[in-house]
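> Let me give you the structure first, and then I'll get to my questions.
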Amino acid sequence: GDTIKSGADLKIPLVAVTLLSKKGYFRQDIDGDGRQVEYPIDWDPSKFMIRLSRKVVVQIEERNVYVQAWRYNVQSVTGGKVDVLYLDTDVGENTKEDREITAFLYGGDDRYRLKQEIVLGIGGVRMLYALGFHIKKYHMNEGHAGLLTLELLLMHKRDIESVWDERWIWDVDTVKELCVFTTHTPIEAGHDRFSYDLVKKVLGEIIPLEQMKKLGGENHLNMTLLALNLSNYVNGVAKKHGEVSKALFPGYEINAITNGVHSFTWTCESMRQLYDKYIPGWANEPELFVRSEIIPDGELWEAHLQAKNNLIQCVKKSTDININSDVLTIGFARRFTSYKRADLIFSDLDRLLKICEKGKFQILYAGKAHPKDTPGKDIIKKIIDLSKKVSDKTKVVFLKDYDVEMALKLVSGVDVWLNTPLRPREASGTSGMKAAHNGVINFSVLDGWWIEGHIEGITGWSIGPKPIESSLTNINDAIDAEDL
1055 GDTIKSGADL
1065 KIPLVAVTLL
1075 SKKGYFRQDI
1085 DGDGRQVEYP
1095 IDWDPSKFMI
1105 RLSRKVVVQI
1115 EERNVYVQAW
1125 RYNVQSVTGG
1135 KVDVLYLDTD
1145 VGENTKEDRE
1155 ITAFLYGGDD
1165 RYRLKQEIVL
1175 GIGGVRMLYA
1185 LGFHIKKYHM
1195 NEGHAGLLTL
1205 ELLLMHKRDI
1215 ESVWDERWIW
1225 DVDTVKELCV
1235 FTTHTPIEAG
1245 HDRFSYDLVK
1255 KVLGEIIPLE
1265 QMKKLGGENH
1275 LNMTLLALNL
1285 SNYVNGVAKK
1295 HGEVSKALFP
1305 GYEINAITNG
1315 VHSFTWTCES
1325 MRQLYDKYIP
1335 GWANEPELFV
1345 RSEIIPDGEL
1355 WEAHLQAKNN
1365 LIQCVKKSTD
1375 ININSDVLTI
1385 GFARRFTSYK
1395 RADLIFSDLD
1405 RLLKICEKGK
1415 FQILYAGKAH
1425 PKDTPGKDII
1435 KKIIDLSKKV
1445 SDKTKVVFLK
1455 DYDVEMALKL
1465 VSGVDVWLNT
1475 PLRPREASGT
1485 SGMKAAHNGV
1495 INFSVLDGWW
1505 IEGHIEGITG
1515 WSIGPKPIES
1525 SLTNINDAID
1535 AEDL
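Per the working numbering, residue 1055 is the first one in the sequence shown, and the count goes up by one each step.
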């Protein structure tokens, strides 16, 4: 979303393609035992976007699946505009099962995911052509859209009569010139892979198996390998992540472009007003933030207190818990999964409570675990259980049903932003950038973007040892916990 908004600001001729998740990710509740419960989100896309009349067809399991598109316009105050196309299989021509292909953001097994990637990659290219777009470059964000490369291979297939050798009918070089690829995943297990038996059943042999194995991997179809082999430019999302990606995929030239955030979106109202006063033009020229030292400390603190009071009201409304504006407030909000180590700060509970006696603090948590991520759900329950255990010493509050609105209140209203990922699994991370936009101090493991943004005691504080070399070896929890 931030990339699209920035593209609109810069008036870049850009169109984005994604899937329409009519049942959303999920709405999160917490039951009486402190466990996450998921409910589908049913929403009406017609209230937000326009359904287009054109439809395209893709082949899935040897049958026609019809795909329609909804158009959403992202408008910028600069006058720029970006169309976002949401692909949707919930159309009358499809079977009940096929109408559900695009229903869920994270919806099931490998078979379901491969169907989604056929709709996104192959259906996406076909929809762009059907709507009259002339595409100069295709940017694949992660390997999920990798099948678009196969559609482009088919479109640029040479006639056998013109090359006289079947090995040359696939114009790989032309497709590579059309494609760029950004990888976001720093661990091998996180890259989509499908067995060729499944690929044959669901996708069919749209190009010869021998050619597919050459491009996508010998033992299974690796979507990242497919994108790597058919892109002329590849990047990771932070300098460290670029190094890690090279170690994961040796022999490929992988550059690094550190992720960013859309400044205006992730700056709260009180800070916007402050920046308008002292750094006019900041929203469209974020480089002007180098002048932020001219902002008087008193006015900066007052703007922060306004954001903190807004957060306090949000916490009260969500949980009926009163938190104290005079107490140091630590925030942790992101996806709940094991490598994020949301519970690392509780590794030595006795020591933590002794620290609290010397200087009061309170901790706010928010975030969702994937419905199938049992360890992630267990961490949520652990934190809720601990919040009750330490309630006489300090307040630990879990805010349920984390969303964009709550995220802005958190990154702007807490005093310290905590981030404790297991190295080197934080490809970039952007929540800390959002906190920094609001004058909130980062306290983070040195991984992802923070390696580049960290100046000890100036932009925040680091947790654990400095990264010395590119390594796929995890640092022991105990080392980071002790330093934290």
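Where a beta carbon is used, it is the ideal one built from N, C-alpha and C, also for glycine. Remember, it's a predicted structure, so these values are computed and weren't measured experimentally.
On the premise that G1502 lies in contact with A1481, defined as a C-beta separation below 8 Å, what is that separation, rounded to the nearest angstrom?
Working through the sequence shown from its first residue, we reach residue 1481 at position 427. Working through the sequence shown from its first residue, we reach residue 1502 at position 448. That belief holds up - the Cβ atoms of A1481 and G1502 are roughly 6 Å apart, short of 8 Å.
> In three-state DSSP terms, what is K1463?
Position 409 of the sequence shown, counted from the start, is the residue given in the question as residue 1463. Three-state DSSP puts K1463 in a helix.
> List the whole-angstrom C-beta distance separating L1174 from A1199, where the pair is believed to meet the contact cut-off of C-beta under 8 Å.
Taking the first residue of the sequence shown as position 1, residue 1174 is located at position 120. Taking the first residue of the sequence shown as position 1, residue 1199 is located at position 145. With 8 Å as the limit, L1174 and A1199 qualify as a contact, their Cβ atoms being about 5 Å apart.
> Please return the same chain residues whose Cβ sits closer than 7 Å to the Cβ of E1623, not counting the five positions on each side in sequence.
Residue 1623 is absent from the structure shown; the chain starts at 1055 and stops at 1538.
> Quick one: which unbroken alpha helix (DSSP H) runs of 4-plus residues sit fully inside the region 1434-1488? Chain order, please.
If we require 4 residues or more, the alpha helix (DSSP H) runs fully inside the region 1434-1488 come out as 1458-1467.
> For the candidate residues L1168, L1068, I1114, G1161, whose alpha-carbon lies nearest to that of T1149?
As a position in the sequence shown, residue 1149 is number 95, starting the count at 1. The shortest C-alpha separation from T1149 is found at I1114.
> In angstroms, rounded to a whole number, what distance separates the CA positions of E1231 and V1071?
One-based indexing of the sequence shown puts residue 1231 at position 177. One-based indexing of the sequence shown puts residue 1071 at position 17. If I take the Cα positions, the gap works out to 20 Å.
> Could you tell me which residues DSSP pairs with E1510 in its beta bridges?
On the sequence shown, position 456 is the one that residue 1510 refers to. Paired residue(s): G1514.
> For a test of the three-state rule: what should DSSP assign to K1211, helix, strand or coil?
For the purposes of this step, residue 1211 is taken as residue 157 along the sequence shown, with counting starting at 1. Note: K1211 maps to coil in three-state DSSP.
> Output the distance between the C-alpha atoms of T1321 and H1491, rounded to the nearest integer angstrom.
In the sequence shown, residue 1321 corresponds to position 267, counting from 1. In the sequence shown, residue 1491 corresponds to position 437, counting from 1. Cα-Cα distance, rounded: 6 Å.
> Between the region 1125-1132 and the region 1088-1107, can you find at least three pairs of beta-carbon atoms closer than 8 Å?
Judged by Cβ distances under 8 Å, the region 1088-1107 makes contact with the region 1125-1132, as three or more pairs qualify.
> Measure the C-alpha to C-alpha separation of D1225 and V1288 and round it to an integer number of angstroms.
Along the sequence shown, one-based indexing puts residue 1225 at 171. Along the sequence shown, one-based indexing puts residue 1288 at 234. Spanning the two alpha carbons is a distance of roughly 19 Å.
> Report all residues from its chain with a CB closer than 8 Å to the CB of K1076; omit the five preceding and five following residues, and keep chain order.
Here the question's residue 1076 lines up with position 22 in the sequence shown. Cβ within range, chain order: D1096, W1097, P1099, D1142, D1144, T1156, A1157.
> Is it true that the CB of H1245 sits closer than 8 Å to the CB of N1276?
As a first step, residue 1276 is located in the sequence shown; it is residue number 222 there, counting from the start. As a first step, residue 1245 is located in the sequence shown; it is residue number 191 there, counting from the start. Yes; because the gap between Cβ atoms is below 8 Å, this pair is in contact.
> Taking a contact to mean a Cβ-Cβ separation below 8 Å, would you say Y1263 touches L1280 in this structure?
Indexing the sequence shown from 1 puts residue 1263 at position 209. Indexing the sequence shown from 1 puts residue 1280 at position 226. A small fix is needed here, since residue 1263 is Leu in this sequence, not Tyr. It is not a contact, given that the beta carbons lie outside the stated cut-off.
> Determine the extent of the alpha helix (DSSP H) in which C1368 is found, giving its start and end residues.
As a working note, residue 1368 is residue 314 in the sequence shown. Its alpha helix (DSSP H) spans residues 1351-1373.
> So, is K1408 buried or exposed, given that buried needs 16 or more other C-beta atoms within 10 angstroms?
Numbered from 1 along the sequence shown, position 354 holds the residue referred to as residue 1408. Counting Cβ neighbours within 10 Å, K1408 comes out exposed, since fewer than 16 surround it.
> What would DSSP say about F1187, mapped onto helix, strand or coil?
Against the sequence shown, residue 1187 aligns to sequence position 133. It is coil, neither helix nor strand.
> Per DSSP, which one or two residues make a beta bridge with M1181?
For the purposes of this step, residue 1181 is taken as residue 127 along the sequence shown, with counting starting at 1. Partner(s): none; M1181 has no beta bridge.
> Within this structure, are the beta carbons of H1274 and S1299 separated by less than 8 Å?
By one-based count along the sequence shown, residue 1274 stands at place 220. By one-based count along the sequence shown, residue 1299 stands at place 245. Result no, Cβ atoms of H1274 and S1299 do not sit closer than 8 Å.
> Given that a residue counts as buried once 16 or more other Cβ atoms are within 10 Å of its Cβ, and exposed if not, what is T1239?
As a position in the sequence shown, residue 1239 is number 185, starting the count at 1. So T1239 ends up on the buried side.
> DSSP three-state label for I1505, please.
If you number the sequence shown from 1, residue 1505 lands on position 451. I1505: helix per DSSP, three-state reduction.
> Exposed or buried, what is S1107 when buried is set at 16 or more other beta-carbons lying within 10 Å of its beta-carbon?
The residue labelled residue 1107 in the question sits at position 53 within the sequence shown. Looking at its Cβ environment, which holds fewer than 16 other Cβ atoms inside 10 Å, S1107 is exposed.
> Could you check which residue in N1364, I1223, Y1306, L1074 has the C-alpha nearest to that of E1459?
The sequence position of residue 1459 within the sequence shown is 405, counting from 1. That would be N1364, whose Cα lies nearest to the Cα of E1459.
> Where L1472 and F1497 are concerned, what is the direct C-alpha to C-alpha distance, given to the nearest angstrom?
On the sequence shown, position 418 is the one that residue 1472 refers to. On the sequence shown, position 443 is the one that residue 1497 refers to. Straight-line Cα distance between these residues: approximately 5 Å.
> If you drop the 5 nearest sequence neighbours on each side, which residues of the same chain put their C-beta closer than 6 Å to that of Y1419?
Mapped onto the sequence shown, residue 1419 falls at position 365. Result list for Y1419: F1386, I1437, F1452, in chain order.
> Select from K1463, V1138, K1135, Y1183 the residue whose C-alpha is nearest the C-alpha of K1043.
Residue 1043 lies beyond the stretch modelled for the chain, which goes from 1055 to 1538, so this question has no answer here.
> Check each candidate in L1302, G1290, V1217, F1318 and name the one with the smallest Cα separation from I1311.
Counting from 1 along the sequence shown, the entry for residue 1311 is found at position 257. Taking only the C-alpha atoms, the option nearest I1311 is G1290.
> Evaluate A1062 with the Cβ neighbour count: other Cβ atoms within 10 Å of its Cβ, from every protein chain shown; 16 or more gives buried, anything less gives exposed.
Taking the first residue of the sequence shown as 1, we reach residue 1062 at position 8. So A1062 ends up on the buried side.
> May I ask you to report which of helix, strand or coil DSSP gives I1384?
Working through the sequence shown from its first residue, we reach residue 1384 at position 330. In the structure shown, I1384 sits in a strand (DSSP, three-state: E or B).
> Going residue by residue through the region 1207-1271, where are the continuous beta strand (DSSP E) segments of at least 3 residues, counting only ones entirely within it?
As far as the region 1207-1271 is concerned, its whole beta strand (DSSP E) runs of at least 3 residues are 1233-1236.
> Hey, which unbroken runs of the alpha helix (DSSP H) at 4 residues or more fall wholly within the region 1103-1169?
For the region 1103-1169, whole alpha helix (DSSP H) runs of length 4 or above, ordered along the chain, are 1150-1153.
> Under a Cβ-count criterion, where at least 16 other Cβ atoms within 10 Å of its own Cβ denotes burial, should K1169 be classed as buried or exposed?
In the sequence shown, the residue the question calls residue 1169 occupies position 115. Flag for K1169 reads buried.
> Measure the beta-carbon distance from V1069 to F1235 and round it to whole angstroms, keeping in mind my assumption that it falls under 8 Å.
As a working note, residue 1069 is residue 15 in the sequence shown. As a working note, residue 1235 is residue 181 in the sequence shown. Not a contact, Cβ separation roughly 18 Å.
> As a quick exercise: from P1067, T1484, R1117, Y1140, pick the residue whose alpha carbon is nearest that of G1078.
Within the sequence shown, the letter at position 24 stands for residue 1078. The shortest Cα separation from G1078 among P1067, T1484, R1117, Y1140 belongs to Y1140.
> Quick one: Cα of L1476 to Cα of R1395, how far?
Translated into positions along the sequence shown, residue 1476 becomes position 422. Translated into positions along the sequence shown, residue 1395 becomes position 341. Approximately 7 Å, taken between the alpha carbons.
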